[in-house]
Amino acid sequence: DGKLKGNTIKVRHILCEKRSKALEALQKLRENERFDKVAAEYSEDKARQGGMENNFVVIGDLGWRMRGTLLQEFEKAAFNLPTSTVDSPIYTPEPVRTSEGYHIIMVEGRK
Numbered sequence: 239d240g241k242l243k244g245n246t247i248k249v250r251h252i253l254c255e256k257r258s259k260a261l262e263a264l265q266k267l268r269e270n271e272r273f274d275k276v277a278a279e280y281s282e283d284k285a286r287q288g289g290m291e292n293n294f295v296v297i298g299d300l301g302w303r304m305r306g307t308l309l310q311e312f313e314k315a316a317f318n319l320p321t322s323t324v325d326s327p328i329y330t331p332e333p334v335r336t337s338e339g340y341h342i343i344m345v346e347g348r349k
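Going from the sequence shown to our numbering is simple: count from 1 and add 238.
What follows is the structure, given as structure tokens:
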């Protein structure tokens with residue numbers, strides 16, 4: 239069926255209220271900026287969600303999420319992405335619109 243395997247993903251995002259700001263962030267990624275650095279600069283995630291990694295809060299890290307627990311549009315895009323790293327991210331080619339705003343999404347793990 240072409241779906242990538244797994245029902246749980248380790249996901250990061252950059253959330254912007256305005257599409258124009260999300261497009262600016264996307265441009266930074268296209269210029270090979272690290273995903274976590276762009277997230278720290280551009281993400282407007284109200285919770286400034288972050289897991290802890292080496293005692294640093296990681297902005298935009300939503301951690302492990304099961305299928306069925308994310309906003310529908312976000313989940314559809316996220317579960318179709320291959321896994322990648324913040325150094326060399328594979329992310330949504332266009333911002334994904336949800337009720338929260340515009341997301342640029344990448345997936346770090348799958349199980």
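Beta carbons: idealized from backbone N, C-alpha and C, even for Gly.
This one's a predicted model, so the numbers in the text were calculated from it and none came from an experiment.
Beta-carbon proximity of residue i to residue j, cut-off 7 Å
i	j	result
Ala277	Ile252	yes
Thr321	Gly298	no
Thr333	Arg257	It should be noted that the sequence gives Pro, not Thr, for residue 333. Yes, these two residues count as a Cβ contact at 7 Å.
Gly244	Lys349	yes
Cα-Cα separation, residue i to residue j
i	j	result
Glu282	Cys254	5 Å
Glu262	Met344	16 Å
Met304	Leu319	15 Å
Glu338	Lys266	22 Å
Pro331	Phe273	13 Å
Lys259	Tyr340	9 Å
Arg250	Gly301	7 Å
Arg335	Phe312	8 Å
Glu233	Asp325	No information on residue 233 is available, as it lies outside the stretch 239 to 349 that the chain covers here.
Thr323	Glu279	18 Å
Leu309	Leu264	21 Å
Phe317	Arg268	21 Å
beta-carbon residue i near the ligand COA non-hydrogen atom, thresh 6 Å
i	result
Glu269	This structure does not include the ligand COA; it has no bound ligands of any sort.
Sheet register partners of residue i (DSSP bridge)
i	result
Gly301	Val249
Thr330	Looking at the DSSP assignment, Thr330 forms no beta bridge with any residue, so it has no partner.
Val324	The partner list for Val324 (beta bridge, DSSP) is empty, contrary to what the question assumes.
Gly339	Thr336
Q | Runs of beta strand (DSSP E) wholly within the stretch 240 to 281 (minimum 3 residues, chain order) | A | Segments of the beta strand (DSSP E) lying fully in the stretch 240 to 281: 246 to 254.
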